[in-house]
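The sequence shown maps to residues 219 to 352 in our numbering.
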Amino acid sequence: MNQDLFLVIALGFIIFMMFFNGRKRKKAQAEMQSGIKVGAHVLLHSGILGDIVSVDEKQLIIETTPGVKLTVLKGAVRSIEAAPKKPVAAKAPAAKAVAKPASAAKAVAAPKAAAKPAAAKKPAVKKPAAKPAK
Numbered sequence: 219m220n221q222d223l224f225l226v227i228a229l230g231f232i233i234f235m236m237f238f239n240g241r242k243r244k245k246a247q248a249e250m251q252s253g254i255k256v257g258a259h260v261l262l263h264s265g266i267l268g269d270i271v272s273v274d275e276k277q278l279i280i281e282t283t284p285g286v287k288l289t290v291l292k293g294a295v296r297s298i299e300a301a302p303k304k305p306v307a308a309k310a311p312a313a314k315a316v317a318k319p320a321s322a323a324k325a326v327a328a329p330k331a332a333a334k335p336a337a338a339k340k341p342a343v344k345k346p347a348a349k350p351a352k
């Protein structure tokens, strides 16, 4: 009798926790969906990332890449993400025109093969001596 009571109480506790966690998850989802606004960067359940262009009552229009717009339901939004950082274009260093003597230009241009480090030679592998015929 004591064991049966313990099992019923444990089962009731597990069901209560499942119900409580489900309510908490739904509340967080509703709060996130109410916070959706134009310009936010969102992640959809399908894994698509994009910026919100317009918001209707049930639908969103997101722009994944410039010129590509998708219409999705609000329920498809998994989370609101931080806007991605735009890659900074690497500036090429400006080539400086430095006057070099003609002999220096020839010395730099000629030994292109010497510019590569010489590959270290591997020691020759000695082959075992042939066995004498019997």
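By construction, the Cβ of each residue, glycine as well, lies at the ideal position given by its N, Cα and C atoms.
Apart from the 5 residues on each side of it in sequence, Leu229 has no Cβ closer than 8 angstroms to any other Cβ in its chain. The shortest C-alpha to C-alpha distance from Thr282 to any of Leu225, Asp274, Ile266 is the one to Ile266. With 16 or more neighbouring CB atoms inside 10 Å of its own CB, Ile270 falls in the buried class. Cβ atoms of Val260 and Val295 come within 8 angstroms of each other, at about 5 angstroms. For Ser297, same chain residues with a beta-carbon under 6 angstroms away, outside a window of 5 residues either side, are Leu261 in chain order. Straight through space, the alpha carbons of Lys340 and Pro350 are spaced by roughly 30 angstroms. In the three-state DSSP reduction, Val226 falls in the helix class (H, G or I). Phe238 and Met250 have their alpha carbons spaced roughly 19 angstroms apart. The DSSP-derived three-state label of Glu275 is coil. In the structure shown, Gly293 falls within a helical segment according to DSSP collapsed to helix, strand and coil.
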